[in-house]
Every structure is written in C-alpha cells, then in structure tokens.
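Number of protein chains: 2
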Amino acid sequence: MLDVPSTYYHDFNPTLDDVRAAHERIRGKIVRTPLLRSERLDDRLGGTIWLKAETLQTTGSFKFRGALNRILQFDEVQRKNGIVAWSSGNHALALSYAASRQAVKATILMPQEAPKTKIDGARANGAVVRLYDKTKETREAIGAEIAATTGAVIVPPYDDPDIILGAGTVGLEIVEQAEEAGIKLDAVLACCSGGGLVAGTSVAVTGASPGTAVYSVEPADFDDMARSLASGKPQRNDPSALSICDALLVPTPGFYTLPVCSAHLAGGLSATDTEVIEAVRFAYSELKLVVEPGGAVALAAVLSGKLDVRNKNVAVILSGGNVDPDKFASYIA
Amino acid sequence: MLDVPSTYYHDFNPTLDDVRAAHERIRGKIVRTPLLRSERLDDRLGGTIWLKAETLQTTGSFKFRGALNRILQFDEVQRKNGIVAWSSGNHALALSYAASRQAVKATILMPQEAPKTKIDGARANGAVVRLYDKTKETREAIGAEIAATTGAVIVPPYDDPDIILGAGTVGLEIVEQAEEAGIKLDAVLACCSGGGLVAGTSVAVTGASPGTAVYSVEPADFDDMARSLASGKPQRNDPSALSICDALLVPTPGFYTLPVCSAHLAGGLSATDTEVIEAVRFAYSELKLVVEPGGAVALAAVLSGKLDVRNKNVAVILSGGNVDPDKFASYIA
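Protein sequences, first through last, are from chains E and G.
So in the working numbering, the last one in the first sequence is 336, and the numbering has no gaps at all.
So in the working numbering, the last one in the second sequence is 336, and the numbering has no gaps at all.
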C-alpha cells in the first residue's frame with residue numbers, strides 16, 4: 004500500500020476498458036506506430052526486443068495521443084475558450100497541433116531554455132507561445148491567471164486522467180501487435196517523467212497481457228518514480244540535478260500517476276546521460292531512427308543491462324524524437 | 004522499342020510471379036518494413052504520401068533483400084567458395100551480413116573514398132574488405148581475378164536477375180500494404196542508381212496493381228536512366244559529374260535493368276543535391292527518420308514538385324539510411 008497524502012488520487016483506478024475507450028476515440032486520427040525489430044539489437048542483447056516507435060507518431064512523440072483524447076472530449080464552451088498548458092516541449096507540440104486540428108485556440112507556456120525545435124514547432128502549429136523564466140516565474144501561476152481571465156481549460160502534461168488514458172493506448176497497441184506477431188511479452192519498458200505514459204501503459208498491458216511486467220525508466224538523477232515505488236512514499240529529485248533528457252525533468256511523480264504506477268508496475272529502472280547518449284547513437288547508426296535523449300532512456304536501460312532480457316521478449320518504447328540538430332549532431336559524433 | 008546493343012538482356016522478362024517466388028524465399032528473414040504516413044507531409048503536398056521505409060530494413064537498406072535472395076539459391080560448391088563483390092556501400096553491407104548469416108565467406112571491393120560507416124560495417128559483418136583506388140584500378144578486374152583464383156561467385160550490386168527480383172519484393176509489399184490500407188496507388192517512386200530496385204519494383208507494381216505508374220528518381224547529373232528511357236537508347240553520365248548521393252553514382256543503366264525499366268516505367272525523374280539535402284533534413288525533422296542522400300532522392304522529387312501528387316496516393320521508397328555522422332550533421336544543420 005502506497006503511503007501518500009490525501010492530495011494523491013487513490014480513487015482514480017483506470018481499467019483496460021478505459022484505455023480501450025480512449026483508443027476508440029482517437030483511432031484513425033493517430034498513427035498506429037510500428038513495433039520494430041532489429042537483428043543487430045537482438046544479437047547484441049541475446050533477447051528479442053520490440054521497439055514501439057512513438058517517434059513516428061504525429062508531432063514526433065506519444066504525447067499526441069493524450070492531447071487528442073482530451074480535446075476530443077471538450078464541450079462547446081471549452082472548445083470556444085481554448086486551452087492553456089505548460090510544457091518543455093513534446094506536450095506543447097502535441098497539444099498545439101491537436102488543438103489546431105480541432106480548431107481550438109492554444110496558449111502554451113514554455114521555459115526560455117526549451118529546445119528551439121520545440122518552441123518553433125509549437126508556434127508553427129498555430130499556438131501562442133509565452134516563454135517564461137524558470138528562476139523568476141512559476142508556470143502554474145501564469146497558467147492559472149490566463150485560465151481565470153479567459154476561461155481557457157488547463158491541460159496538464161501528464162497528471163490528468165484523459166492524458167494518462169490516451170498515453171495508455173501505446174501499451175494497448177503494443178499488446179495487440181505482440182499478439183499479431185504471435186508472441187507473449189515478458190516485459191514492457193516505458194520512458195518516465197511525470198509518469199503519464201508508464202501509468203497508462205501499465206493499465207493497458209497488465210490488463211490485456213497478465214504476467215507481462217511493466218517498468219518505468221528515468222534519467223539516473225531524476226529517478227523519483229523508481230524511488231517512490233521502492234520506498235512506498237513519494238520522493239523528490241535533488242533540485243540541482245541535471246540531465247540531457249530535457250523531456251524528463253519533473254521533480255516528483257504526479258498525484259494521479261503515482262497511485263496507478265504503484266498498483267501496476269513491476270519496478271523502476273534508470274539510465275545515466277552517458278548511457279542515454281550511447282542509445283541515441285545506437286538508434287541513429289543501427290536503427291536509422293531519430294530519438295531524443297528523453298525518448299531513448301528505456302532503450303538505454305536495455306543496452307546497458309539494467310534488465311536481464313536474455314531469451315525474453317521485451318518491448319521498449321521510443322517515446323519521442325524532437326531534438327535540435329546541433330544537439331543531435333553532438334550525440335552521434 | 005528500346006534500341007540497345009545485343010549485350011543487353013532483352014530475354015530477361017521477369018513477371019509478378021517471379022517476384023512472388025523471391026518473396027516466398029526471403030520472407031521471415033527480412034523486415035517487412037512499414038509503409039509510413041505523415042500528416043505534415045500530406046498537408047505540405049496536398050496529396051497522400053506513403054513512405055516505404057527501407058531504411059528500417061536489416062543493414063539499413065533495401066539491398067539486403069536481393070543479397071539474401073541470391074545467396075539462398077547457392078549450391079554447396081558456391082557456398083564453400085564464397086562471394087566476391089564490389090560496392091560503394093549498401094550492397095557491401097547487405098551482402099556481407101547476408102553471407103555471414105548463411106555462413107558464406109565474402110570478399111568485398113570498395114572504393115577508398117566510400118563512407119567510413121559502410122567500410123567499417125562490412126568489416127564488422129565479417130567480410131574481407133579490399134579497398135581500391137578508382138583512378139588506378141578497376142573493380143571488375145580485381146573481382147574477376149579473385150573469382151578466377153578462388154572460385155568465388157561474383158554477386159553484382161544490381162545487374163543480376165536474382166538481385167533485381169529480391170529488390171522487387173519492396174514493390175510487392177508496397178502493393179500489399181496499400182491494399183491493407185484500402186487504397187489504390189496512383190504512383191510509386193523508387194530511388195535509382197543502376198536500376199535494380201526500380202526494375203524489380205516496376206515488375207511487381209505494374210503486375211499486382213495495373214494502372215499504378217512507377218518512376219525512377221536519380222540525382223540530377225546522374226539521370227542516365229531517365230535519359231535512356233526518354234531517348235530509347237542507353238545514355239551515360241558525364242564522367243566529371245558529382246553528387247552527394249554516394250549510393251547512386253553509376254555511369255549507365257544495367258544490361259538487365261534497362262530493358263525491364265523500358266518495358267514497365269512511366270518515366271524518370273531527378274532531383275538536385277540541394278533538393279536532396281532538403282529531403283534529408285525534412286526526414287530528420289518531420290519524420291524522425293535517418294535517410295542517406297541516395298535514399299532520399301525520391302522524397303526530394305515529391306518535396307520539390309517534380310511530380311504532381313495533389314489528391315493522389317503516391318508511394319515513395321526511402322531506400323537507405325547509412326550515412327556518416329559528420330555528413331549527416333552537416334545536412335541537418
């Protein structure tokens with residue numbers, strides 16, 4: 004039993020059917036991303052690795068699923084008042100694009116130091132981007148003020164039931180695709196920041212494929228989910244911690260996500276920045292896929308032996324591929 | 004009627020069934036690469052583009068299909084004597100890997116200036132790589148000498164029936180996948196050097212989907228196939244021509260490929276190096292795929308408007324993704 008304050012949502016107990024309902028809602032509007040294989044990767048690890056390439060999702064990350072699942076449930080007033088949200092990147096890209104597709108106005112708050120690719124992308128998608136200074140302003144305060152004055156709906160990046168269920172469709176498709184390939188998965192590894200992807204995925208996978216273990220994977224110094232699961236109490240990261248995984252720099256698990264993860268995950272893994280760069284490079288040279296650091300952390304975990312995958316079928320989510328060219332060049336050099 | 008010397012193989016008239024037989028032979032040993040979509044690409048072009056990502060094929064290019072199709076038909080003596088081949092890269096990678104998987108020895112002749120990625124890759128696959136100086140030696144002479152002294156089988160990169168039929172399985176899968184998606188393709192665009200891919204693809208596509216037009220796409224100053232088709236006579240490229248498409252620098256169409264292409268292609272397109280770089284950059288930023296210049300030439304053709312794709316369903320083959328990191332960094336910068 005997780006020992007957390009009452010601010011955490013223990014009464015949010017999503018089921019496989021909830022994820023299936025989200026999938027019905029967004030199916031045909033999202034990419035059913037392929038589950039890829041690489042002989043070279045399998046040879047190296049001695050197991051069978053199934054790569055869920057959410058890098059190939061619309062807007063380059065799994066975030067599009069949750070964003071669309073949320074917006075498609077807006078009523079007329081919400082559609083008219085629009086959205087306000089904050090994000091260092093992938094949620095911004097996904098939400099701004101999903102909003103523009105649904106003719107809903109979006110205002111996105113992004114930290115000044117967010118990757119230029121992501122800031123430019125959100126603007127190109129038609130969103131109003133408001134940059135803020137992390138050291139002087141809090142995004143929650145700016146967002147609340149905009150919501151209060153305009154009636155805009157705040158759409159959080161992960162700590163929201165519909166965002167979690169939308170993200171969980173990744174897990175549902177993984178199980179479907181594994182069945183199509185005639186195999187049963189031993190484990191699924193999901194990149195983890197606030198925990199939306201891994202929470203939703205764990206609901207879908209443990210529901211549809213009992214016995215398949217689901218793990219979160221975080222950057223080494225941002226392993227708040229792993230430590231929270233291990234200790235049974237929510238843990239925070241050291242505020243001075245740094246990582247190249249710009250998409251995964253959340254200080255602590257979400258109020259919605261932690262109880263779900265606690266109920267469904269087999270455990271939490273992590274990978275260092277050095278291991279992540281090796282994974283980005285491997286994805287470039289051997290898989291021919293562009294994966295951003297935060298999207299490569301689960302691959303990094305298997306490449307660096309954090310889980311014994313020998314003679315096992317293991318699915319690894321590549322969660323995003325939005326990375327500035329100069330950074331990418333330095334990783335693959 | 005093509006007006007070419009008798010050295011060209013007019014009596015090689017492969018059919019859809021021949022490609023199907025090759026597919027039966029290699030199926031399960033190759034990757035059935037996905038046919039990908041991008042809303043962003045469709046929006047930009049006003050058509051529906053289906054990307055056949057052969058970059059995700061084993062060894063990073065379509066070449067693995069032909070190499071495997073050839074080697075799987077070796078008899079015991081051929082298997083024992085091994086292979087000798089020449090290639091600037093992708094054929095070398097594919098053949099060396101296919102050979103090692105089938106426990107056949109391979110000797111590969113590569114020009115000194117071939118991409119380091121490709122030279123290192125062929126060696127890592129267990130091949131003996133012999134570098135040669137293009138200005139002083141001819142690969143055909145070196146290869147013939149090795150074949151004469153060792154009994155090794157010469158496996159050409161494209162001008163060989165089994166290589167062409169193996170490559171043609173790309174086209175067969177494209178039609179299958181289009182049918183699975185419930186659409187009929189208006190056109191298929193294949194990158195073209197010696198013409199193995201486009202010849203095999205044209206046989207499969209025109210056979211399985213009558214009315215679908217197949218086009219070769221070449222680098223602008225290496226458009227020997229396009230000019231040969233247009234003039235009805237084999238054409239050569241200017242020996243001083245240069246292109247960043249290192250995989251597509253063949254001087255003239257093949258003896259086997261030209262008559263097949265003449266019988267089945269709707270025409271030949273081309274793209275400049277500037278247009279190719281734009282396509283490599285687009286694949287990086289919007290598709291999250293690593294595509295080498297020669298593998299991006301067909302995408303470059305549609306992005307630069309060489310074919311009217313508005314309101315059409317058009318398949319574009321991304322034929323390879325083996326590119327040195329420093330070169331790739333310069334293209335996406």
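All C-beta atoms, glycine included, are put in the ideal place defined by N, C-alpha and C.
Please read these numbers as outputs of a predicted model, since none were measured by experiment.
Run the CB neighbour count on K137 (chain E), radius 10 Å, all protein chains shown included, and call it buried at 16 or more, exposed below.
Position 134 of the first sequence holds residue 137 (chain E). Answer is exposed; the Cβ neighbour count stays below 16.
Listed from N- to C-terminal order along the chain, which residues in the region 53-65 of chain E have their beta-carbon within a distance smaller than 7 Å of any beta-carbon of chain G?
T58, L59, T61 and G63
Using a Cβ-Cβ cut-off of less than 7 Å, give me the residues of the region 71-94 of chain G that come near chain E, in sequence order.
none
Among E:D46, E:G49, E:K119 and E:L302, nearest to V326 (chain E) - alpha-carbon criterion:
Here residue 326 (chain E) refers to the residue found at position 323 of the first sequence. Looking at the Cα atoms, E:K119 is the closest of the given residues.
Between the region 202-216 of chain G and the region 237-251 of chain G, can you find at least three pairs of beta-carbon atoms closer than 8 Å?
no
For R40 (chain G), would you say it is in contact with chain E, using Cβ-to-Cβ distances shorter than 8 Å as the test?
As a first step, residue 40 (chain G) must be located in the second sequence, where it is residue number 37. Yes, contact with chain E.
Could you check what DSSP says for V326 (chain E) in three-state terms: helix, strand or coil?
Numbered from its first residue, the first sequence carries residue 326 (chain E) at position 323. In the structure shown, V326 (chain E) sits in coil (DSSP, three-state: anything other than H, G, I, E or B).
For a minimum of 3 consecutive residues, which ranges assigned as the beta strand (DSSP E) are wholly contained in the region 99-174 of chain G?
109-114 and 131-135
Between which two residues does the alpha helix (DSSP H) containing L75 (chain E) stretch?
In the first sequence, residue 75 (chain E) corresponds to position 72, counting from 1. No alpha helix (DSSP H) contains L75 (chain E), which DSSP labels as neither H nor E.
Under the three-state reduction of DSSP, which class applies to I52 (chain G): helix, strand or coil?
On the second sequence, position 49 is the one that residue 52 (chain G) refers to. If DSSP states are grouped into helix, strand and coil, I52 (chain G) belongs with the strands.
Candidates G:I320, G:A282, G:I166 and G:A269: closest to G257 (chain G) by CA position
Within the second sequence, the letter at position 254 stands for residue 257 (chain G). Considering only alpha carbons, the answer is G:I166.
If I follow the unbroken beta strand (DSSP E) through E221 (chain E), where does it start and stop?
On the first sequence, residue 221 (chain E) is found 218 positions in, with the first residue counted as 1. Segment A216 to P222, the beta strand (DSSP E) holding E221 (chain E).
Using the beta-carbon count (16 or more within 10 Å), is R313 (chain E) buried or exposed?
For the purposes of this step, residue 313 (chain E) is identified with residue 310 of the first sequence, where counting begins at 1. So R313 (chain E) ends up on the exposed side.
Just the C-alpha distance for Y259 (chain E) and S231 (chain E), rounded to the nearest angstrom, thanks.
As a first step, residue 259 (chain E) is located in the first sequence; it is residue number 256 there, counting from the start. As a first step, residue 231 (chain E) is located in the first sequence; it is residue number 228 there, counting from the start. Their backbone Cα atoms lie some 14 Å apart in a straight line.
Quick one: what does DSSP say V283 (chain E) is sitting in, helix, strand or coil?
Working through the first sequence from its first residue, we reach residue 283 (chain E) at position 280. V283 (chain E) falls in the helix class under three-state DSSP.
According to DSSP, is N316 (chain E) part of a helix, a strand, or is it coil?
Translated into the one-based positions of the first sequence, residue 316 (chain E) becomes position 313. In the structure shown, N316 (chain E) sits in a strand (DSSP, three-state: E or B).
Three Cβ pairs or more, each shorter than 8 Å: is that satisfied between the region 75-89 of chain E and the region 99-119 of chain E?
yes
Return the chain-ordered list of same chain residues with a C-beta closer than 8 Å to the C-beta of K315 (chain E), the five sequence neighbours on each side being excluded.
To locate residue 315 (chain E), count along the first sequence from 1; it is residue 312. Once the five neighbours on either side are set aside, the close Cβ partners of K315 (chain E) are G50, T51, D189 and A190.
Contact belief for S322 (chain G) with E278 (chain G) at Cβ below 8 Å, rounded distance in angstroms
To locate residue 322 (chain G), count along the second sequence from 1; it is residue 319. To locate residue 278 (chain G), count along the second sequence from 1; it is residue 275. Incorrect: roughly 16 Å between the Cβ atoms, too far for contact.
Leaving out five residues before and five after G171 (chain G) in sequence, what residues of the same chain have Cβ atoms less than 6 Å from its Cβ?
Working through the second sequence from its first residue, we reach residue 171 (chain G) at position 168. Only V22, G203, T204, V206 and A207 meet the Cβ criterion.
Distance check for P164 (chain E) and N16 (chain E), CA to CA, integer angstroms please.
The count along the first sequence starts at 1 and reaches residue 16 (chain E) at position 13. The count along the first sequence starts at 1 and reaches residue 164 (chain E) at position 161. C-alpha separation (whole angstroms): 10 Å.
Burial state of P160 (chain E), where buried means 16 or more other Cβ atoms lie within 10 Å
By 1-based counting over the first sequence, the position of residue 160 (chain E) is 157. Its Cβ being crowded by 16 or more others within 10 Å, P160 (chain E) is buried.
Segments of 4+ residues assigned as alpha helix (DSSP H) that fall wholly inside the region 249-295 of chain G
260-267 and 276-285
From G:P262, G:E295 and G:E281, residue whose alpha carbon lies closest to that of A349 (chain G)
Because chain G here runs from 4 to 336, residue 349 (chain G) falls outside it and cannot be looked at.
Beta carbon of L38 (chain E) nearer than 8 Å to that of I177 (chain E):
Walking along the first sequence from the start, residue 38 (chain E) turns up at place 35. Walking along the first sequence from the start, residue 177 (chain E) turns up at place 174. Yes, Cβ-Cβ distance for L38 (chain E) and I177 (chain E) is below 8 Å.
Quick check: L268 (chain G) and S219 (chain G), are their CB atoms within less than 8 Å of each other?
Locating residue 268 (chain G) in the second sequence gives position 265, counting from the first residue. Locating residue 219 (chain G) in the second sequence gives position 216, counting from the first residue. In contact: L268 (chain G) and S219 (chain G) (Cβ atoms closer than 8 Å).
Closer than 9 Å at the beta carbon, the chain E residues around A332 (chain G)
Position 329 of the second sequence, counting from 1, holds the residue named residue 332 (chain G). The contacting residues are P328, D329, F331, A332, S333, I335 and A336.
Beta-carbon separation (whole angstroms), L272 (chain E) vs A244 (chain E), contact threshold 8 Å:
Taking the first residue of the first sequence as 1, we reach residue 272 (chain E) at position 269. Taking the first residue of the first sequence as 1, we reach residue 244 (chain E) at position 241. L272 (chain E) to A244 (chain E), Cβ: 17 Å. No contact.
Under 8 Å between C-beta atoms, does K291 (chain G) make it to chain E?
If you number the second sequence from 1, residue 291 (chain G) lands on position 288. Answer yes: the Cβ-Cβ gap between K291 (chain G) and chain E drops below 8 Å somewhere.
Taking Cβ positions only, does G50 (chain G) come closer than 8 Å to chain E?
What you label residue 50 (chain G) is simply residue 47 of the second sequence in a count that begins at 1. Not closer than 8 Å to any Cβ of chain E, the Cβ of G50 (chain G) fails to qualify, so no.
D14 (chain G) to M228 (chain G) span [Cα, whole Å]:
Translated into positions along the second sequence, residue 14 (chain G) becomes position 11. Translated into positions along the second sequence, residue 228 (chain G) becomes position 225. Approximately 19 Å, taken between the alpha carbons.
Quick one: using the 10 Å Cβ neighbour count with 16 as the cut-off for buried, is Q60 (chain E) buried or exposed?
Against the first sequence, residue 60 (chain E) aligns to sequence position 57. The residue in question, Q60 (chain E), is buried, as its Cβ has 16 or more Cβ neighbours within 10 Å.
Output the distance between the C-alpha atoms of A266 (chain E) and L310 (chain E), rounded to the nearest integer angstrom.
Along the first sequence, read from residue 1 onward, the residue named residue 266 (chain E) stands at position 263. Along the first sequence, read from residue 1 onward, the residue named residue 310 (chain E) stands at position 307. Their backbone Cα atoms lie some 20 Å apart in a straight line.
Proximity of V173 (chain E) and E57 (chain E) at Cβ, strictly below 8 Å
For the purposes of this step, residue 173 (chain E) is taken as the residue at position 170 of the first sequence. For the purposes of this step, residue 57 (chain E) is taken as the residue at position 54 of the first sequence. In contact: V173 (chain E) and E57 (chain E) (Cβ atoms closer than 8 Å).
Near T62 (chain E), which residues of its chain fall below 6 Å by C-beta distance, leaving aside the five closest residues on each side in sequence?
Indexing the first sequence from 1 puts residue 62 (chain E) at position 59. Once the five neighbours on either side are set aside, the close Cβ partners of T62 (chain E) are L96, A97 and Y100.
Selection from E:S288, E:L192, E:C194 and E:V317 that minimises the alpha carbon distance to D123 (chain G):
As a first step, residue 123 (chain G) is located in the second sequence; it is residue number 120 there, counting from the start. For the residues E:S288, E:L192, E:C194 and E:V317, the minimum Cα distance to D123 (chain G) belongs to E:S288.
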